[in-house]
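Let me begin by presenting the structure, written as structure tokens, before commenting on it.
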Amino acid sequence: MPQNLRLDKVGYINRDKKISFKFNGKKYFGYEGDTLASALLANGIHLIGRSFKYHRPRGFTGAGVDEPNAHVQLYSGAKTEPNVIATTVELVEGLVATSQNCWPSVSFDFGAINNLLNKFFPAGFYYKTFMWPKNFWYKIYEPIIRKAAGLGVAPLKPDPDRYEHKFEYCDVLIVGSGPSGLAGALAAAKNGARVILAEDKPRFGGSLLTDEVTIGNKKGKDWVDETISQLKSMPNVIVKNRSQVFGYYDHNMMVMSERTKDHVENSTEFTPRQKLWYIRAKEVIVSTGSIERPLVFGNNDRPGIMLASAAKEYMKVYGVLVGKKPIIFTNNDSAYDTAIEFKKNGIDPLVVDIRTNSESSVVQEAKNLNINIKFSHGIVNSKGYLRVNSATVGKLNDDRSGYESLENISCDCICVSGNWTPTVHLSSQSGNKLKFDEKINAFIPSKSRQNESTIGSANGSFTLKKSLEDGFSKGYELSNKITAKNIKGTTPTSNERNYAQHDKFWCMPLPKNKYYKRCVDFQNDVYVSDIELAVREGFRSIEHVKRYTTLGMATDQGKTSNLNGLQLVSNIENKIVPEVGHTTFRPPYTPVTIGAIVGREVGKHYRPTRKSPMHEWHEQNNAVFVDAGLWVRPRYYKQENETLLEAAKREATNVRKNVGVCDVTSLGKIDIKGPDCAEFLNRIYTNAWMKLPVGKARYGVMLREDGIVFDDGTTTRISENHFHMTTTTAQAVNVLAHLEYYLQVVWPELSVNVLSTTEQWAGAALAGPNSRNLLNKLFPEIDVSNEAIPFMGYKEANLFGVPARIFRISFSGELAYEINVESGYGIFMWEKIIELGKEMNIEPYGTEALSTLRIEMGHVAGSEIDGRVISSDLSLEGMLSKKKDFIGKRSLNREAFINPNREKIVGVVPLDKKSMIPEGSHLVSDNKASLPNPKLGHISASCWSVEYNNPFSLAILKDGKNKIGEKLYAVSPLKNKSIEVEIVSSHYVDPKGERVRS
Amino acid sequence: MQRYSIFSLIKNAFSNHQNWDVVWRDPEPKKEYDVVIVGGGGHGLATAYYLAKEHNITNVAILEKGWIGGGNVGRNTTILRSNYMWDPNGLFYEYGMKLWENLSQELNYNVMYSPRGIINLAHSDAQLNAYSRRGNSMRLNGIDAVMLGREELKKMIPFADFSTSARFPIFGGLMQPRGGTARHDAVAWGYARQADSMGVDIIQHCEVTGFDVRNGKIEGVQTSRGNIKTKKIGLCVAGSTSLLAEKLNMKLPIESHVLQACVSEPVKPFLNHVVTFGAGHFYCSQSDKGEMVMGGDLDGYNSYAQRGNLPTLQHVLSEGVAMFPNLSRLKILRTWGGIMDMSMDGSPVIDKTHIEGLYLNFGWCYGGFKATPVSGWTFAYTIAQNQTHELNSKYKLNRFNTGYLIDEKGVGTKTWIG
Amino acid sequence: MLEIKCPYCGKRSQNEFSYGGDASVKRPQLGKETSDKEWNDFVYFRNNPRGKHSELWHHVAGCRQWFKVLRNTATHEIFKTSKISEEL
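Here's what the structure looks like:
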């Protein structure tokens, strides 16, 4: 189609650069600087999609983010993006867009059958039906509804793009670069404030791009260009276009998304697609402008019917005529700008004005241009299925309840204006309670709750003069609070058309016996009749109306529809609008890409990965790793085709027979120093600590104040006033915060300091009967005998020149030592151990063998200390000191905790000595009992006992101490398993603990 | 009362829907009621309904400060489940599931109960074991649960991250097939409509300002619309419970926290289950409208603001993208916050109190929506019979003295972590 | 995102801190007789006002000091922060 809709000279597009793109499979051309919307309109295309519910044909309503209709799907495959508003898509070479929510095509859509049946699908119809028969909702009705709903198609592949975050601080953030925003930015910047000016659109200037005004004897657009280049030249100013400030959060934290890639023709793989800015601003100027409201009349939702301001923008910014036979339908003067613009470009518009007359200069100008105006008239209905082709225009009777006469007028577009709604979203999000302004029939901000100032048309001031004045004075005032530089400029003079008061009439009555659909929410198909029905049924609160009809819940969040809906409810209820109230404005102002919010925390970087200094060695030696919180630990070292169980058996057996080495770096380590250390530990742990000698370690259990076991570990007295605490890997962070809390908040009188040293030390545990021989080889200079380093002993020594700490502690139940060296020497230590241990048949062992060893010894770990057990449940009651108080002690004498039937840790062995009991099984006395079958306990950990060569499990069993020797069933219905078991002591191997002391 | 059906819908279509009745009346408060329920949320409305239906107590008022259904019942992620480990929770919520299954028919209002299955993903063998413990407990309690392997999950949710670049690979999952979703607003409205039809007065925009207590007995309630006499008051005000309890000089074992949720723009259906992420705290389902409904952690500090901050959402959505990397290109349409009455063991209280005629229903944490029917059912029983039912007998307030706590997660009293 | 003034480090964004709950909770003295009620109140019962709330925060990604904050739970406005040893 020839672009005879494109004007020759008007607009800010680059006519030297043609851009080709595809829409619904067909190739078209536009120019650099076009949006997808302007380019399609230039090609005469108005039909772009279908509405959500009735699949009515939809075109363009606006020219920006307020657009409720013109959604497309961009591209395909992993890069596809659904629900993109064509009015905000900048045209780039090769852009591919398709219509959504229609099949087989946008011009012939089967879904439109819903429109024929719309009588049966009023608001909330689904609450009243689909209830019979019972299962049909989930099985039949819901799948059909789900398939019909939704707009575009989600990508099913990972997003190939990347997103970045930026943190910024400033004195004054200005949101919106219209006249008031520019004035505010300039004044604040000149006064020395650090300023950020954010504009959502690619072009700065807001209404100045389209209004016939002068500022300081310059055309509006020229003043914009000059001001922007002045701001950009100032070092204290950041100027950002394509940047939507979408959320106003606590303590003046503003969040902005900047589009950095999609509009760029030759972007690289690593260009971030969007940047999310967290901006902490001392002051915020909200100069977000206003959005025109539609007028409501019969079939006001056809393609070709759009906002008057949008039609003007398409002409003035993009040089595109949205039609050649336009009707302008208005209740106010601003639409006359559009009429005049048409006329200037050689098109004869018809103006239909609800008002009886208007004396303003702009109307006079229109009259002088011989523009045909029908006062006291309104559009009653429109016709034309895929594009409007005529309008029924009626002369309103005196009380405006009906019409004196009706006539049919052909047209190819209708430009409507129902006056302007201030964009108060950010102001409202900041906590500012809105007030209703009778004069403009809309809500505006009232009292600021944060450092927020709303100015310009966002604040209901619609003249350029006032916007500039407010901008300059606010910019100065706010900046001066911060800079106190007193540099105050003068507001430039300005010239603009003058506009008279609008008429509050906006919803056209139906002629007698006509039931035209009058649309309020275009995307969600909410019509006047739906809102009337909701109120009739008693959904009288505006929130009920919204939820029942889905008014304002579409992807545009009611930018063009909410206020009309409100006015309608207030008309029906005979209330004034402020009594009806408004629904809450919630972030984001416009939809934000999830990837942008997430940033770089994706894939492997979703969370940090903590590795020990020996990690590479493990990798090179076929370690299979396991996640332990953020840590990655070797689970086993795979040999040939071993299974996990086989490897665990082999590694554990080697520990019991020879010697093994395990990387224990991930254990939490806390350095504790100060004269009151022992006293502090005495309060933290349940057992006694005052008399622990220097050079000795002790096992300790700590409780929460509610008496529940919190964590366990060993703590060693390095010197009189210096202790080294170990915690479990899982609780390391929490234990440190716990210690700090008691030291700083509860017992500040204790002179103790704590510091995490987890990452300072690399740890290796040597375990097995040969471990002392190996220790001897590693430390030939020291005496490693049982007398010199007894069980729970500690010694500092020299590992071939590297300072090391030796702890004689054991988790495996074997003779064992733990060696710590500074992290940087970890790999040196490890390789020395392997090298010197070779002749003793050393093998590294992973967490699975470690578990095996500790389970058959009856040592508790995370699967038992699960945040629900007390010491006695774990048979650790012997460690509860009777002589002193400690954290959580007072909770232990409560009824539930002294109940004789409480759980106890026990051992469990299958009677067949063959069946591994799945972890997470429960113990029951009758495996065939009817449900609910009472549970006596659960299997917390299972292993293959290498000592006895049969399966062994630990369990937490009700009244466990009296059940030793009994036979129960371990059942796992999930795995369809029931195993007959015998209850035994949890200390299956070496119950007297002789090995560790040997 | 008009009966809703396809036939009534067609019939009314021919009179242009002019003849539908109001869903509930808008009465002036009477001078006296047998029972006053404070709070017109899901639990309050359900309680009034069951008082009328099960106990024939119809002289009941529901006092609502704002508009009914405007609290957490109108701002949740619509998930229903009974996949609990501890018996008191499992058996309670399972009774609730049975009520859900028949609710649309019982209320003659389509609450869109959709048993699409809830899947808890596990990312290690240890987590699978913990889930097994819970799943086996469910099965022994007669609740449906199945274990899913990685390969089965690949077929059900192929767009989840099964790649080698996953930070926490998916090992398997626990599924409750009968878990699912319901249409939250419909639940509130359905209960309201039936309660109203049995004579319950739903009084909106009526704020409770005080209580009349004499000799340890409830005698009435003071409201912004005058004093109302009653001998029994049931509080169902979730996050605001502490504020009303303060008027009765009571301190409770709860903190109020804000929990955010969000929805994406609507897209054609691709996710047919409710899925939760195990290496974090994130849950997601796709509504019938096509929106991805998502939620996760609390904002983490006491709040009554019904609004949260972005870092929490960032954290939650990073979990979402870790689970479903394709979510990245979708757009967040709307975020909101609700006030959670976080109890010190993560479980609720439905009990009478030391004040005769005062009944409490609170501590739902972020699990209140699914409890709506069973909470109302047991609370109505407790109010009507002046004693707890077997189902809520473990939800007593004095468990914080006896130590019989029901800590499903084992995190203790740091409610903001739970 | 809240902006919290650590009494030791100055204003920082919320993500450097972790929350510690009701600051009015006072742990009964060690070794001292406490009634069941007193003890359970300490462990489980909390001030939960709508409005001014004194609470603990921990500067975990900073100086690791615990401190007190007076904050409005309805608006999130922070009135004051102080060291543990100081009056709020």
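Chains as they are written, first to last, in my numbering: chain A, 1 to 998; chain B, 1001 to 1418; chain C, 2001 to 2088. We put the beta carbon where it would ideally sit given N, CA and C, even for glycine.
Would the beta-carbon of Ala-123(A) fall within 8 Å of that of Leu-533(A)?
yes
Buried or exposed: where does Met-829(A) fall if 16 or more other Cβ atoms within 10 Å of its Cβ makes it buried?
buried
Please tell me whether Lys-383(A) and Val-352(A) are closer than 8 Å, where the distance is taken between their beta carbons. no
- Item | Straight-line gap, Lys-696(A) to Thr-716(A) (C-alpha atoms, nearest Å) | 6 Å
Note to self: Once DSSP output is grouped into helix, strand and coil, what is the label at Arg-586(A)?
What the structure shows: coil
Q | Minimum length 4: unbroken alpha helix (DSSP H) runs contained in the segment 219–265 of chain A | A | 220–232
Self-check item: Min CB distance Pro-422(A) to chain C below 8 Å
Solution: no
I'd like the span of the alpha helix (DSSP H) that includes Trp-103(A), first residue to last. Trp-103(A) -> no alpha helix (DSSP H), and no H or E assigned at all.
Which value, in whole angstroms, describes the spacing of the CA atoms of Gly-846(A) and Met-1294(B)?
38 Å
*Any C-beta of chain B under 8 Å from that of Arg-868(A)*: yes
On the three-state DSSP scale, how would you describe Cys-1365(B)?
coil
*asked:* According to DSSP, simplified to helix, strand and coil, what is Pro-2(A)?
replied: Reliability of the predicted coordinates at Pro-2(A) is poor, the pLDDT of 46 falling under 50, and no value is obtained from them.
_Using 8 Å as the threshold, is the C-beta distance between Leu-911(A) and Glu-980(A) below it?_
yes
- Message: Which residues does DSSP list as the beta-bridge partners of Phe-723(A)?
- Response: Residue pairing from DSSP places Phe-723(A) in a beta bridge opposite Ile-672(A), Arg-717(A).
| If the cut is a Cβ gap below 8 Å, which residues of chain C does Thr-1335(B) touch? | Result: empty, since nearest Cβ-Cβ is about 14 Å, beyond 8 Å.
Any beta carbon from chain C within less than 8 Å of Glu-705(A)'s own beta carbon? Chain C, which has a Cβ nearer than 8 Å to the Cβ of Glu-705(A), makes this yes.
Check: Nearest chain B C-beta to His-2053(C) closer than 8 Å, yes or no?
Finding: yes
> Does the beta carbon of Asn-1309(B) come closer than 8 Å to any beta carbon on chain C?
Replying inline: yes
(message) Between Glu-1064(B) and chain C, is any beta-carbon pair separated by less than 8 Å?
(response) Taking 8 Å as the CB threshold, Glu-1064(B) stays off the interface with chain C.
Q | DSSP-derived helix/strand/coil call for Met-792(A) | A | coil
Mind listing the chain B neighbours of Leu-510(A)? Cutoff is C-beta to C-beta under 7 Å, in chain order. Ordered by position in chain B, no residue passes the 7 Å Cβ test against Leu-510(A), which lies about 11 Å from the chain.
Applying a beta-carbon distance threshold of less than 8 Å, which residues of chain C neighbour Arg-1253(B)?
Per the sequence presented here, residue 1253(B) reads as Pro, with Arg not at that position. What Pro-1253(B) touches in chain C: Tyr-2044, Phe-2045, Arg-2046.
Discussion item. Quick check on this structure: which residue in His-2058(C), Glu-2038(C), Lys-2005(C) has the alpha carbon closest to the alpha carbon of Tyr-742(A)?
Written reply: Selection His-2058(C), Glu-2038(C), Lys-2005(C) evaluated against Tyr-742(A) yields His-2058(C) as nearest (Cα-Cα).
Looking at C-alpha atoms only, which residue of Gly-298(A), Asn-252(A), Glu-843(A), Phe-886(A) is the closest neighbour of Val-284(A)? Asn-252(A)
*Exposure of Gln-2029(C), with buried meaning 16 or more beta-carbon neighbours within 10 Å*: Taking all protein chains shown into account, Gln-2029(C) has fewer than 16 neighbouring C-beta atoms within 10 Å of its C-beta and is therefore exposed.
Check: Applying a beta-carbon distance threshold of less than 8 Å, which residues of chain B neighbour Gln-2014(C)?
Finding: Asn-1309, Pro-1311
Is Ala-762(A) buried or exposed, if buried means 16 or more other CB atoms sit within 10 Å of its CB?
Looking at its Cβ environment, which holds 16 or more other Cβ atoms inside 10 Å, Ala-762(A) is buried.
Task: Residues that Val-746(A) contacts on chain C, provided the C-beta gap is smaller than 7 Å - done: Arg-2027
For a contact defined as C-beta to C-beta under 9 Å, what are the partners of Asp-200(A) on chain C?
Those do not exist, as Asp-200(A) stays about 22 Å from chain C at its closest Cβ, beyond 9 Å.
Do you know offhand how far Gln-1306(B)'s Cα is from Gly-1320(B)'s? Whole-angstrom Cα-Cα distance: 22 Å.
CA-to-CA distance, Asp-1161(B) to Leu-1271(B), given in whole angstroms: 14 Å
Whole angstroms is fine: what's the gap from Asn-1012(B)'s alpha carbon to Gln-1018(B)'s?
7 Å
| query | Under 8 Å between the Cβ atoms of Leu-1103(B) and Trp-1377(B)? | reply | no
Cβ atoms of Ile-1350(B) and Asn-1392(B): under 8 Å apart, would you say? Taking 8 Å as the Cβ cut-off, Asn-1392(B) and Ile-1350(B) qualify as a contacting pair.
Review point. Can you find at least 3 beta carbon pairs, one from the segment 389–397 of chain A and one from the segment 492–500 of chain A, that sit closer than 8 Å?
Key: no
- Message: Cβ closer than 7 Å: which chain B residues qualify as neighbours of Lys-119(A)?
- Response: Ala-1013
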